[in-house]
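S.K.: Sharing a structure with you now.
2 protein chains.
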Amino acid sequence: MTRANEAWEALMTSYAVLVKRFNAEDVWGELSMREYDVLYTLSKCDGPLRMSELNRHVLLSQPALSRMVDRLVDRGLVDRCPDPGDRRGVRLSLTPAGRETQQAIGRPHARSVTRALSVLTPQELDQLAAICGKLSQSEE
Amino acid sequence: MTRANEAWEALMTSYAVLVKRFNAEDVWGELSMREYDVLYTLSKCDGPLRMSELNRHVLLSQPALSRMVDRLVDRGLVDRCPDPGDRRGVRLSLTPAGRETQQAIGRPHARSVTRALSVLTPQELDQLAAICGKLSQSEE
DNA sequence: TTAAGGTAGATGCAAACGCATAGAACTTCA
DNA sequence: TGAAGTTCTATGCGTTTGCATCTACCTTAA
């Protein structure tokens, strides 16, 4: 077992443990955690996002994301309009209601995240962010 | 945005990026990545595992895991027998075919993991493993 | 001993997922 | 310009998932 494999296993385990813990908290209201993830990603990037761009950040197949966006549009949380520059594509953004929902859930969730990671020192938090950032940006 | 929240977001993103990359690799054969995860977890712990124990390591609801184990038993990869000490429970272990399948997939997969994490220094790998270990072991 | 409460795993069912593929729009290049 | 190849999103379809619930078994304590 190489160091790299141990590190990956540790990352997977901590991800699984934390996702389960967050999922069990009673903050999600009418949204699933995956739906929240979509709203959150849209809230981060102020400009409208392409489906494919959004898909890079969400752990979901392209068709599954397409249908999830369908549902969020139906529920009035997301706005989908054609991209004027590329008529194949769409531009996705939060509606005011979507932004409000994201924030209403995001605030208590952010607090649980802070609580869950409070076992780490500030240095460790920085190291974790830096290392994970390096990982996700590496091309291949 | 606190440091903790930035760190969690970085962890989520790197997890999503790497899972997608691994998933796209052509090493999984007849198994889905989630099924492999179950076989791998069983292969790590030599003794038979309880369903609930296995469930702690796999990002799946209890009913979904129960049925996935069903399928793996049907396919002859996992052995499920009643626990003599607790007749509610079951003891899960790999069959020889299951162990063989796990290893056949595990070897090339471990190589891609090593490749994907090769952007990190040995020190960073150790830090990542240590930090993630700390995260998953913290009770609350 | 037995009733009340808790835990382990299985099952019914609707919702959501992934794979394969379709269709439409861009791009490239002969 | 137009045919071939690529990219972007949507849809058909069978499989898998999660939620709620069930049954069976263990535990506690009266």
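Residue numbers (the numbering used here), protein chains in the order written: chain U, 72 to 211; chain Y, 72 to 211. For each residue, glycine too, the CB sits at the ideal point set by N, CA and C.
In terms of residues, what are the limits of the alpha helix (DSSP H) holding residue 97 of chain U?
M.R.: No alpha helix (DSSP H) holds residue 97 of chain U; DSSP gives it neither H nor E.
S.K.: Go through the region 118 to 192 of chain Y residue by residue and report every complete run of the alpha helix (DSSP H) that reaches 4 residues or more, in order.
M.R.: 122 to 128, 133 to 145, 167 to 187
S.K.: Can you say whether residue 95 of chain U is buried or exposed, counting buried as having 16 or more other CB atoms within 10 angstroms of its CB?
M.R.: exposed
S.K.: Which same chain residues, not among the five before or five after residue 162 of chain Y, have their C-beta less than 8 Å away from its C-beta?
M.R.: 119, 120, 121, 151, 152, 153, 154
S.K.: DSSP on residue 104 of chain U, reduced to helix/strand/coil?
M.R.: helix
S.K.: Are residue 207 of chain Y and residue 84 of chain U closer than 8 Å when you measure CB to CB?
M.R.: At a Cβ-Cβ threshold of 8 Å, residue 207 of chain Y and residue 84 of chain U count as neighbours.
S.K.: For a test of the three-state rule: what should DSSP assign to residue 83 of chain Y, helix, strand or coil?
M.R.: helix
S.K.: In three-state DSSP terms, what is residue 209 of chain Y?
M.R.: Correct three-state label for residue 209 of chain Y: coil.
S.K.: Within 8 Å, do at least three Cβ pairs link the region 122 to 139 of chain Y to the region 100 to 114 of chain Y?
M.R.: Pairwise C-beta distances place the region 100 to 114 of chain Y in contact with the region 122 to 139 of chain Y, as three or more of them are shorter than 8 Å.
S.K.: So which residues on chain Y does residue 193 of chain U lean against when the C-beta distance must stay under 8 Å?
M.R.: 74
S.K.: Using only alpha-carbon positions, find the residue among Y:123, Y:184, Y:171, Y:92 that is nearest to residue 157 of chain Y.
M.R.: Y:123
S.K.: When burial is assigned at 16 or more other CB atoms within 10 Å of the CB, is residue 147 of chain Y buried or exposed?
M.R.: exposed
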